[in-house]
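First residue of the sequence shown? That's 553 in our numbering, and the numbers climb one at a time after it. Heads up, the beta-carbon is just placed ideally off N, CA and C, and yes, glycines get one too. These numbers come from a predicted model, not from an experiment.
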Amino acid sequence: SADATIKSWNLERSAVRRTWHGHTESVISVACIHPPPARLDRDRYIVSSSKDKTIRMWDTWRSTPGVNNDDMVNSKAISSACFCPDGRNIIVGPSEGISLRSVETGDLISNYDTTIAPSIINFSPDGRHFASASGNGVFVWDTTGPAATCTTRIYEKEYLLCMAFSHDGRRLVTGSTTT
């Protein structure tokens, strides 16, 4: 939100359940973990990215930051962040590329070289691929090898606003602006 907060809503009452403070500028993206049933303890974290150049992890059980957020600062605004399907890592899209970080510690695991800053990042349900979108291009990355490689490039005529993988990970759906 523009007031630099993260809010959890009670949908039955249409009321704010909890508010987290910590960003100093507008929040650009938020994501929750949707863990496998065997790892429900991972459902406790939310990740957010902001124009203040930070990624924040929030521990929903304690209403406090979940990791040392001071280590997750970039030189430019963070446009997108999402959890890996297993809930162990997050992938974030700052202006200078894409990085994979540990949920537990915030440590950098790896960087993926991109020449275009991603505005949207999503994982396939099985975690074998992630897609990054920027402007009118979508790039699909294979994460199964020792280093992620860009395997597919898709170009739309218009600016991309959103995208999602199908439940089986075989299709990618995009939405874009109109002229």
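By DSSP's assignment, N688 forms no beta bridge with any residue. In the structure shown, R596 falls within a helical segment according to DSSP collapsed to helix, strand and coil. Between L660 and K605, the alpha-carbon positions lie close to 16 Å from each other.
Beta-carbon to beta-carbon, S578 and S602 are separated by about 6 Å, close enough to satisfy the 8 Å threshold. Straight-line measurement puts the Cα of G639 at about 23 Å from the Cα of V725. Taken through DSSP and simplified to helix, strand or coil, T704 comes out as strand.
Between D611 and the set T695, V568, I558, D678, the nearest pair of CA atoms involves I558.
Counting only the Cα atoms, S718 lies some 23 Å from S631. By the C-beta density criterion, V568 is exposed, having fewer than 16 other C-beta atoms within 10 angstroms.
Contact annotation, R570 with S560: C-beta distance approximately 5 Å; criterion of less than 8 Å satisfied.
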